[in-house]
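I have placed the structure first, in the form of structure tokens, so that the comments after it can refer back to it.
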Amino acid sequence: MTPEEITAFEAKVQAYVGGEVSAPRTGKDDVNKAMIRHWAEVMGDENPVYTDEAFAATSAKHGIIAPPTMLLTWAMEGYSMAQTPAPDAKLDVQRELHAIFDAHGFTGVLGTNTRTEFYRDLRPGDQITSHQTIDSISERKNTARGVGYFVETVNTFTDQTGAKVGRQVFRVLKFQPNVATAEAKAATSDDAMPAAPARIQAPRGHDNAWWWEAIDAGKLLIQRCKQCGTLRHPPRPMCGVCNSTEWDSIESSLEGEVFSFTELSYPKFPGYPYPLVCGLIQLSEGTRLVANIVGCEADKVYIGMKVKGKVERVDDKTVLPNFYPA
Ligand SMILES: [Zn+2]
Numbered sequence: 001m002t003p004e005e006i007t008a009f010e011a012k013v014q015a016y017v018g019g020e021v022s023a024p025r026t027g028k029d030d031v032n033k034a035m036i037r038h039w040a041e042v043m044g045d046e047n048p049v050y051t052d053e054a055f056a057a058t059s060a061k062h063g064i065i066a067p068p069t070m071l072l073t074w075a076m077e078g079y080s081m082a083q084t085p086a087p088d089a090k091l092d093v094q095r096e097l098h099a100i101f102d103a104h105g106f107t108g109v110l111g112t113n114t115r116t117e118f119y120r121d122l123r124p125g126d127q128i129t130s131h132q133t134i135d136s137i138s139e140r141k142n143t144a145r146g147v148g149y150f151v152e153t154v155n156t157f158t159d160q161t162g163a164k165v166g167r168q169v170f171r172v173l174k175f176q177p178n179v180a181t182a183e184a185k186a187a188t189s190d191d192a193m194p195a196a197p198a199r200i201q202a203p204r205g206h207d208n209a210w211w212w213e214a215i216d217a218g219k220l221l222i223q224r225c226k227q228c229g230t231l232r233h234p235p236r237p238m239c240g241v242c243n244s245t246e247w248d249s250i251e252s253s254l255e256g257e258v259f260s261f262t263e264l265s266y267p268k269f270p271g272y273p274y275p276l277v278c279g280l281i282q283l284s285e286g287t288r289l290v291a292n293i294v295g296c297e298a299d300k301v302y303i304g305m306k307v308k309g310k311v312e313r314v315d316d317k318t319v320l321p322n323f324y325p326a
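First residue of the sequence shown? That's 1 in the numbering used here, and the numbers climb one at a time after it.
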């Protein structure tokens, strides 16, 4: 983009700041005991103030309250959020804003942080409404993911009297994936075609760089405690069984089975093939790892399926262990 194009683009997106994302949305259900109980069960939160009427009555809360972290759920749109809108449907302001970013090459989106404030306990019978506004768009930033802008959305929650009960700030980075690499390649290559986007690179630090370096060399290693022999993954400095920090590694046979899996469909990241099946693989050595399941239709994958891994190059920058039906 030329400096003039950048100025025009920034003026266009900044015009959205302060605007409402959509009309205030009131929850389909009041705060209620059934949803609180389901949440507490799923989260494994056994605090009786959420579920035990008699206990809650004698507690400092004087009755059942909702877990504070349920705040967002009370005014959520539900499964319709995940559906792709019809091509002629009017986009909500956030989607409209993201579409402008996308059209200018800022196709990547990465949630970077959220901050939630709780002003009072919510109780069964409360009716929650969310009010979402685009709060700010940062100046142009050079990040490890690429050039982009941080977009901050603020969600304010009110009750049936209109009083504020909480607030959440949500920040995403809208970025141009790998643009620096693509531009550099275009400058040196004959056909000047931008490079295909690569996958997001796993951060390599003191404790795991050795593991990724072995992957680059075509080997899937499993860390092993030198003192008690326990295998562990992902790599970490200390044995969880005997606390020893002495370790070596063994090479995996790459044989295993699908312990669990999910198909990632939204949002679609540049550089990834879809359908994208992400599995938790139970290796025959005993440890598990997260890896893509490839070489078969996504709907043919099942829990318990025998798989065989192959450490292979998936794009210009990335080597990964992929697992195929055995
Ligand atoms: Zn050990």
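For glycine and all other residues, C-beta sits at the position ideal for the given N, C-alpha and C. Given the structure is predicted, the values throughout are model-derived calculations rather than measurements.
Closest Cα partner of glycine 125 within the set Ile64, Phe170, Gln94 and Thr156: The residue with the shortest Cα to Cα distance from glycine 125 is Ile64.
Do you know offhand how far glycine 240's Cα is from asparagine 208's? Going from the Cα of glycine 240 to the Cα of asparagine 208 covers about 16 Å.
Can you tell me whether alanine 184 is helix, strand or coil according to DSSP? Unreliable positioning characterises alanine 184 in this predicted model, as indicated by a pLDDT of 49, which lies under 50. A coordinate reading is not provided.
Between which two residues does the alpha helix (DSSP H) containing aspartate 92 stretch? Run containing aspartate 92: none; DSSP gives neither H nor E here.
Whether valine 165 touches phenylalanine 157 by CB criterion (8 Å): Taking 8 Å as the Cβ cut-off, valine 165 and phenylalanine 157 qualify as a contacting pair.
Classify methionine 76: buried if its beta carbon has 16 or more other beta carbons within 10 angstroms, exposed otherwise. By the 10 Å Cβ count, methionine 76 comes out exposed.
For tyrosine 302, the three-state DSSP class (helix, strand or coil): For tyrosine 302, the secondary structure class from DSSP, reduced to helix, strand or coil, is coil.
Within its chain, find whatever has a CB closer than 8 Å to the CB of alanine 184; leave out the 5 residues flanking it on each side and keep chain order. Unreliable placement is indicated for alanine 184, whose pLDDT of 49 sits below 50; the coordinate value is still reported in the next sentence. Excluding positions up to five away in sequence, the list is empty.
Could you say which of Gln227, Ile36, Lys226 and Trp210 lies nearest to leucine 220 if we only look at CA atoms? When only C-alpha atoms are compared, the closest one is Trp210.
Grouping DSSP H, G and I as helix and E and B as strand, with all else coil, what is tyrosine 16? DSSP, read as helix, strand or coil, puts tyrosine 16 in coil.
When the Cα atoms are used, what is the spatial distance from glutamate 117 to glycine 27? Using only the alpha carbons, I get a separation of about 19 Å.
Using a 10 Å radius around the Cβ and a threshold of 16 neighbouring Cβ atoms, would you call isoleucine 137 buried or exposed? Burial call: buried.
If you pair each beta-carbon of the segment 29-48 with each one of the segment 90-103, do three or more pairs fall below 8 Å? Cβ pair count under 8 Å is below three, so no.
Measuring alpha carbon to alpha carbon, tell me which residue in Leu122, Arg140, Val294 and Phe55 is nearest phenylalanine 9. Nearest neighbour of phenylalanine 9 by Cα position, chosen from Leu122, Arg140, Val294 and Phe55, turns out to be Arg140.
Using 8 Å as the threshold, is the C-beta distance between glutamate 257 and glutamine 227 below it? Not a contact, by the Cβ cut-off of 8 Å.
Euclidean distance between Cα positions of glutamine 223 and proline 321: Each residue's alpha carbon lies about 16 Å from the other.
Can we count threonine 230 as close to ligand 1, meaning its CB is less than 7 Å from some heavy atom? Yes, Cβ of threonine 230 sits closer than 7 Å to a heavy atom of ligand 1.
Cα separation between arginine 115 and valine 154? C-alpha of arginine 115 to C-alpha of valine 154: approximately 10 Å in a straight line.
For glutamate 77, three-class secondary structure by DSSP: Three-state DSSP puts glutamate 77 in coil, outside helix and strand.
Whole angstroms is fine: what's the gap from threonine 2's alpha carbon to alanine 11's? Here the alpha carbons of alanine 11 and threonine 2 stand approximately 14 Å from one another.
Less than 7 Å separating the Cβ of glutamine 227 from some heavy atom of ligand 1? Yes, the Cβ of glutamine 227 comes within 7 Å of a heavy atom of ligand 1.
Return yes when the Cβ of valine 109 is within less than 8 Å of the Cβ of glycine 19, no when it is not. No.
Going by beta carbon distance, what residues of the same chain come within less than 6 Å of proline 68, once the five residues before and after it are set aside? For proline 68, where only same-chain residues beyond five positions count, the Cβ hits under 6 Å are Phe118.
Between the Cα of phenylalanine 261 and the Cα atoms of Val301, Val13, Ala144 and Gln83, which residue gives the shortest distance? If we check each option's Cα against that of phenylalanine 261, Val301 comes out closest.
In or out: glutamine 132 buried (at least 16 other Cβ within 10 Å) or exposed? Buried, by the Cβ-count rule.
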